[in-house]
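Protein chains in written order, with my numbering: chain A, 17 to 512; chain B, 3 to 361; chain C, -18 to 287.
All residues carry an ideal CB built from backbone N, CA and C; glycine is no exception.
One structure is given below, encoded as structure tokens.
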């Protein structure tokens, strides 16, 4: 790839990028969230067209207009969010992407193919199951099978380990090594240094859409890679003041919540939260975090158990009632839940607050106040927008997140339920936001923080719970030594 | 090689929006001309006939205003419902239900009460009837997740049959000599007309007031805000703590109620008795859908677009007589214009550049 | 009594035929993620085209072919609106219905009230039609009846057991995934809408040249809308559509059976519409989890969206 550039809404996602990979090589693509790794790979995979630049396969310049052409050039991609249709069978999913699927009775042929592959790589996949019934690791294998069936020489893996348990990661690595031995090329996208060091032969570091460095992994160490990735020495150094626990704010007692698929997603969870503390819930996403957050904030019904705020029962009360009790919520899927994309920015600045006396008088909204409020959020939380009169859907993901956070924090909640609040934010914004959470803690609020980012958890939280399959594997102080086994706990293989 | 590239357009000015609408309508008229041409009708003559028939003469203009009354009422109500993405296709039934309620009120109490009491009573009854018929699909949608397009449509058919059942059965008037239809409403229950026309001014004023009030409701009130949020993103609405059932009930009460008002106007202002459904409403409920769409779902603009489409209805009648075209002509015109309005929306939201390049 | 039951069931089959055809078409269309509310209009177009062509050429099958062609052609409008322009599918579908009803009214005006002398003969299936009861009810029907059932089964097979079927379903479930797997979402959706239109028009043709053998404006009488409801009732499965359609055919026919009992004819003609609502209500009450439409039904898809 030579001189690749791509911009969205006038902002460069990739700028003048050159990249080369040879047969039998595993290339690491390192960078933070939003550094442009995925965009670059989507260009290679034909999902986006570069604004400038050229792609060569085997020294011949090619134009890759769509994924099919990319597949024909021997490029396969495993996306971070799997490109699988959850309601369909495994074989239907594979048949969809396979070049030589027969027109009639495609399932029979595919079934044989899948079995052959399972044998070769030594894993088990039931081809007649629906995708949603499978674990993340199994789904990933389907993606790999799909790419290999189409004869991919180059396999792109976008953050492949983010959804896997440690055991599944090991299995993935062995599959990748086997592929490498057969002469496949692999591009491994990650922001995790350990993995890059372990798996890759060579690494290229991206920062803000530009390549800032590249080297063989044997000639470098984690520290210098980290410096390249962040663009400065220290990662984060937030000093958490020591604060006395205040009075109890939230109490969750033997909570059970049913998930979307009709099964229990939260199983018998109990915990209490106090003033002046940040309580982190660590775990691989999809282990009941979302259901727990939604049950506490009233979006999802509680099956059994009790939730109390300041000793008052809020179990199965309406989201508005719970908000009025002092509970703010930064939802996990921010575009899906957090905003109404077609409305103006200022409209969205009061989404959860519009009923407050401050913003409405009897039946009317006080728009002058609303607009001032929106301006304050834009200013305080550095939301990049040219006006508050813009449709919110036009903002970038990070700016939408800042808007939501600003909105939820600005009313000084007693309890803030924050799901992956820094996901997709740049370094500066992340640090800024973490300061805000600590500030909230200092002012006597409590924060319930859901995060996959362990660094974040350890930096911010006073106490940490590890969630696996809807259960707490441990609830510990964040300086407890036993937390060194957090990986095992997140994978469900250790319980304290 | 010609390459067509589309990009999203973010800053949409009111002027651009207006011009796009006008151009869409013009393009639509061109397409209609082609249809006329194929049907063997001189399109220039037909289209000019439509507009002179509706706006070109004093008589035509009066008729246009008359027909604009129900269109504005229903159209404004629909802007609200459509904003919340509640696809109320049942205004026709809601109008008829309003007419049924109003007729009953007028016939039962009209004799003994003065005009200034019975007329407001009829409007209240009509609103109630329309609202009730509108609330049913709202409940079915929120409580039982039944698609409102289907339910409102089915309720149209059901209401038309109920009405027919009444006028051939229990409500059949003694003065009708065995023909279906109720007796005439008593004089006190009849709306005043602007002399020399069929414009029942009370309803016209009501329609304009409703449009203005609803504009305030949509853009300035909490309820309007909540309705817009629900329409934009129901999940966000849930997250924001908005009560779906309540919001839907209110908005369908308004939307159905306004259609009910239109029914009262038609009965008390024009027909003076309850006759066959097709006679009471010539598809106002459906035409109003386009009225709302042309108004860009802004209640205030619905006044203008209501008058425009009333003109097409009146002009359509005119060409039916002068050129011997079928009644369905109006449907063709409406359908085509709606299609072109949709296309216009696309060009409004996307910038299209055509590049010529050699390859 | 026996005679009444047999003739009622026979007529139920006839009345269910257009419903089945239109429902099958709508199922295919909705499976690709496009809601087509234009069925009523396309059906009217099909009816009028079939009638005119049959009348002028004397060839009913030519009429059927022409109807299917016209239905497909007019459906392109909805495909263009909902796929290419990513317009609101509800509004685009309504526009198609208005246009279809309007055009059919205009085209058919000279033909209103003229009876069709050319008959499409019923087909008695040899041997099978001799079976007592069933022979008359099922095996001596108009060709449309057999066509409807065969097409519904074929549609099921097509959706479940062919590559194109998987592509159509994937497009409705998750167009973005489908696109990355090399499916041309726009093409698939165009195809599905147009096929659906062909089915609706076929239903219309049945109405004008086989069922009533005449043309009047608005003769579709809401059957297109009922077909959309039946699509939900059939849980987006063409095989289930078969019995759903004939159940409804029965409801249409029962009216005539009950009329002599002194029940108001208006009340009786309300029944199909009330039944539609009741059945949707029952499905929802019974098992709302099963009621899962294609995940992306009604959502426009834009390529290259970030």
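Applying a beta-carbon distance threshold of less than 9 Å, which residues of chain B neighbour residue i?
| i | result |
| --- | --- |
| residue 376/A | 223, 224 and 227 |
| residue 356/A | 230, 231, 232, 233, 234, 235, 238, 239 and 242 |
Along chain A, in chain order, which residues have C-beta atoms closer than 8 Å to that of residue i?
| i | result |
| --- | --- |
| residue 371/B | Past the edges of chain B, shown from 3 to 361, lies residue 371/B, and the structure says nothing about it. |
What's the gap between the Cα of residue i and the Cα of residue j?
| i | j | result |
| --- | --- | --- |
| residue 253/A | residue 393/A | Note that residue 253/A scores a pLDDT of 49, beneath 50, so its modelled location is shaky; the value from the coordinates is reported in the next line. Taking the straight line from one Cα to the other gives about 26 Å. |
| residue 251/A | residue 509/A | Caution applies to residue 251/A, whose pLDDT of 43 falls short of 50 and renders its modelled position unreliable; the model cannot decide the point. |
| residue 148/B | residue 484/A | 37 Å |
| residue 130/A | residue 199/A | 21 Å |
| residue 279/A | residue 294/B | 44 Å |
| residue 477/A | residue 435/A | 14 Å |
| residue 13/C | residue 121/A | 20 Å |
| residue 311/A | residue 209/C | 36 Å |
| residue 98/B | residue 76/B | 12 Å |
| residue 235/C | residue 0/C | 16 Å |
| residue 494/A | residue 481/A | 9 Å |
| residue 179/C | residue 77/C | 14 Å |
| residue 33/C | residue 97/C | 10 Å |
| residue 373/A | residue 429/A | 16 Å |
| residue 327/A | residue 461/A | 15 Å |
Mind listing the chain A neighbours of residue i? Cutoff is C-beta to C-beta under 7 Å, in chain order.
| i | result |
| --- | --- |
| residue 243/B | 334, 335, 336, 339 and 368 |
| residue 158/C | 99, 100 and 101 |
| residue 163/C | 83, 84, 87 and 113 |
For a cutoff of 8 Å on Cβ pairs, would you count residue i as touching chain B?
| i | result |
| --- | --- |
| residue 11/C | no |
| residue 208/C | no |
| residue 35/C | no |
| residue -15/C | no |
| residue 359/A | yes |
| residue 276/C | no |
| residue 363/A | yes |
| residue 347/A | yes |
| residue 228/C | no |
Interface residues of chain B around residue i at Cβ under 8 Å?
| i | result |
| --- | --- |
| residue 198/C | 328, 329 and 330 |
| residue 77/A | Here the premise fails: no neighbours, minimum Cβ distance about 14 Å. |
Would you verify that the beta carbon of residue i is, or is not, closer than 8 Å to some beta carbon of chain A?
| i | result |
| --- | --- |
| residue 145/C | yes |
| residue 122/C | no |
| residue 39/C | no |
| residue 218/C | no |
| residue 154/C | yes |
| residue 279/C | no |
Between residue i and chain C, is there a C-beta pair that is closer than 8 Å?
| i | result |
| --- | --- |
| residue 362/B | Any question about residue 362/B goes unanswered here, given that chain B covers just 3 to 361. |
| residue 41/A | no |
| residue 167/B | yes |
In chain A, which residues lie less than 9 Å from residue i when you measure between Cβ atoms?
| i | result |
| --- | --- |
| residue 178/B | Within 9 Å Cβ-Cβ: nothing; residue 178/B doesn't reach chain A, min ~46 Å. |
| residue 151/C | 101, 104, 108, 109 and 112 |
| residue 221/C | Ordered by position in chain A, no residue passes the 9 Å Cβ test against residue 221/C, which lies about 17 Å from the chain. |
| residue 142/C | 120, 121, 122 and 123 |
Run through chain C and tell me which residues come within less than 8 Å of residue i, C-beta to C-beta.
| i | result |
| --- | --- |
| residue 347/B | 66 and 68 |
| residue 153/B | 258 and 261 |
Note down, in chain order, every chain B residue with its Cβ under 7 Å from the Cβ of residue i.
| i | result |
| --- | --- |
| residue 381/A | 222, 223, 224 and 227 |
| residue 371/A | 224 |
Which residues of chain C have a Cβ atom closer than 7 Å to the Cβ of residue i, listed in chain order?
| i | result |
| --- | --- |
| residue 278/B | Here the premise fails: no neighbours, minimum Cβ distance about 11 Å. |
**OP:** Assess, as a yes-or-no matter, whether the stretch 312 to 320 of chain A is touched by the stretch 354 to 365 of chain A under the definition of 3 or more beta carbon pairs within less than 8 Å.
**Re:** no
Original post:
What runs of the beta strand (DSSP E), each 3 residues or longer, lie entirely inside the stretch 415 to 476 of chain A?
Top reply: 431 to 435 and 462 to 467
Original post:
Going along the chain, which unbroken runs of the beta strand (DSSP E) with 3 or more residues stay wholly within the stretch 160 to 201 of chain A?
Top reply: 170 to 174
Original post:
Using 8 Å as the Cβ pair cut-off and three pairs as the minimum, do the stretch 19 to 31 of chain C and the stretch 68 to 82 of chain C touch?
Top reply: yes
**OP:** Any chance you could list the alpha helix (DSSP H) runs of at least 4 consecutive residues sitting entirely within the stretch 5 to 83 of chain C, in chain order?
**Re:** 20 to 38 and 41 to 60
**OP:** Pick out the complete alpha helix (DSSP H) segments inside the stretch 199 to 249 of chain A, 4 residues or longer, and give them in chain order.
**Re:** 209 to 215 and 238 to 246
Original post:
Taking one C-beta from the stretch 297 to 313 of chain A and one from the stretch 342 to 354 of chain A each time, how about it: are there three or more such pairs within less than 8 Å?
Top reply: yes
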